[in-house]
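*Asks:* Let me give you the structure first, and then I'll get to my questions.
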Amino acid sequence: PALASAYRGEAAHLLSYDERLRSAEAGLTLQPRVSVSVRPPDAFARLFDPESLYEAVEAIEGGEYPGPDRDPRA
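Here the sequence shown is numbered in this note's numbering, starting from 2 and rising by one per residue.
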């Protein structure tokens, strides 16, 4: 499912713990079909700073970021 989602969504990166997807052989097999970089999720967590997005959301929405715990139906 992850590869299909990456392909259909034209993703640049695929996060997976599956060592088979991160191998050089898999990379050579995938490259002609989909241009995607397969990385472990912890590599993304080290680089991604979710708090940096809050300021952008607040500026666009004109208020405070409601956070992930808000009721989506509200």
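Every residue, glycine too, gets a C-beta built ideally from N, C-alpha and C. Small disclaimer: the values here were computed from a predicted structure and weren't measured.
(1) Which residues in the same chain have their Cβ closer than 7 Å to the Cβ of Arg-40, if we skip the five residues on either side of it in sequence?
(2) List the whole-angstrom C-beta distance separating Val-35 from Tyr-8, where the pair is believed to meet the contact cut-off of C-beta under 8 Å.
(3) Could you give the C-beta distance for Leu-29 and Val-37, rounded to a whole number, given that I count them as a contact under 8 Å?
(4) First and last residue of the alpha helix (DSSP H) that includes Ser-6?
*Replies:* Considering the structure as presented:
(1) By 1-based counting over the sequence shown, the position of residue 40 is 39. Within the same chain, His-14, Leu-16 come within 7 Å of Arg-40 by CB-CB distance, once the 5 residues on both sides are set aside.
(2) Within the sequence shown, the letter at position 34 stands for residue 35. Within the sequence shown, the letter at position 7 stands for residue 8. With 8 Å as the limit, Val-35 and Tyr-8 qualify as a contact, their Cβ atoms being about 5 Å apart.
(3) Sequence index remark: in the sequence shown, residue 29 carries index 28 (1-based). Sequence index remark: in the sequence shown, residue 37 carries index 36 (1-based). With 8 Å as the limit, Leu-29 and Val-37 do not qualify as a contact, their Cβ atoms being about 13 Å apart.
(4) Here the question's residue 6 lines up with position 5 in the sequence shown. Judged by DSSP secondary structure, Ser-6 falls within the alpha helix (DSSP H) whose first and last residues are 3-9.
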